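A.B. asks: Using numbering that gives the first Met the number 0, the first residue of the sequence shown is number 0, and each one after it goes up by one. Please see the structure below; I have some questions.
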Amino acid sequence: MICRQRLCLPAILSSLVLFLVASAWMFTSFTSPVLAEDYNRESLVGADFSGRVLTDDSFTKANLRNSNLSHTDLEGVSFFSANLESANLEGANLRNATLDTARLTNANLKNAVLEGAFAFNTKFDGANIEGADFTDVLFRQDVQKQLCKVATGTNPTTGRETRETLFCD
0 MICRQRLCLP AILSSLVLFL VASAWMFTSF TSPVLAEDYN RESLVGADFS GRVLTDDSFT
60 KANLRNSNLS HTDLEGVSFF SANLESANLE GANLRNATLD TARLTNANLK NAVLEGAFAF
120 NTKFDGANIE GADFTDVLFR QDVQKQLCKV ATGTNPTTGR ETRETLFCD
């Protein structure tokens, strides 16, 4: 192609712009990251999150009292210092969740999977843990003993007995 320097420059620039626009469209269309939601410090009393996928979301210091989180994918979620009093977490996936200093008082954890969760200062007073899987959960020894007093059932997802996952005597 023979052209003068001034005449070819606009054609080259427009081609470059089209290439960059097409590349940007392809990148955003095929590799858009899904960002985790931030519910930190929000009042979500009675909220219904049932059946949703909330992986890696953050509910740090959120008030989720009486909320419905049943059958929800909460893997990797942070509930650090959250109020989950009387929340329904039946059948929830809480693998690798952070529950440290959360209040799960009177919460329904029936058939929930908490494998690998961090729950060191979590309060489980009055919680229903029938069929819950606590494999590799990190919590205080006094809490473990408290949970062993009421532990029953087998988790339908993992096939593990609740008492065995808590290392009850």
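Glycine included, C-beta positions come from ideal geometry on N, C-alpha and C. The model shown is predicted, which means the values in this text are computed figures rather than measured ones.
1. CA-CA distance, R102 and A61?
2. Just mark T164 as buried or exposed, buried being the case when its beta carbon has 16 or more other beta carbons within 10 Å.
3. Should G130 and T153 be called a contact, given that it needs their Cβ atoms to be closer than 8 Å?
4. Alpha carbon to alpha carbon, what distance is there between D99 and E114?
5. Using DSSP's beta-bridge definition, name the partner residues of E160.
6. Please work out which residues of its chain come closer than 7 Å, Cβ to Cβ, to G42, disregarding the five sequence neighbours upstream and downstream, and give them in chain order.
7. Using the Cα positions of V142 and D72, report the straight-line distance between them to the nearest angstrom.
8. Can you name the start and end residues of the alpha helix (DSSP H) that A141 belongs to?
9. Do you know how far the Cα of T104 is from the Cα of E84?
10. Going by DSSP, which residues form a beta bridge with F117?
11. Helix, strand or coil for D72 per DSSP?
C.D. replies: Taking the structure as given:
1. Each residue's alpha carbon lies about 11 Å from the other.
2. Only buried fits T164, as 16 or more other CB atoms lie within 10 angstroms of its CB.
3. Their beta carbons are under 8 Å apart, which means G130 touches T153 by this criterion.
4. Here the alpha carbon of E114 sits roughly 14 Å from the alpha carbon of D99.
5. Beta-bridge pairing links E160 to T153.
6. Strictly speaking, residue 42 in this sequence is Ser, with Gly absent from that position. Counting only Cβ-Cβ distances below 7 Å, and skipping sequence neighbours, we find N62.
7. A direct Cα-Cα distance of roughly 25 Å separates V142 from D72.
8. Looking at the sequence provided, one finds Asp at residue 141 rather than Ala. Note, D141: alpha helix (DSSP H), 140 to 147.
9. Approximately 5 Å, taken between the alpha carbons.
10. F117 is bridged to T97, L137.
11. In this structure, D72 counts as strand in the three-state DSSP scheme.
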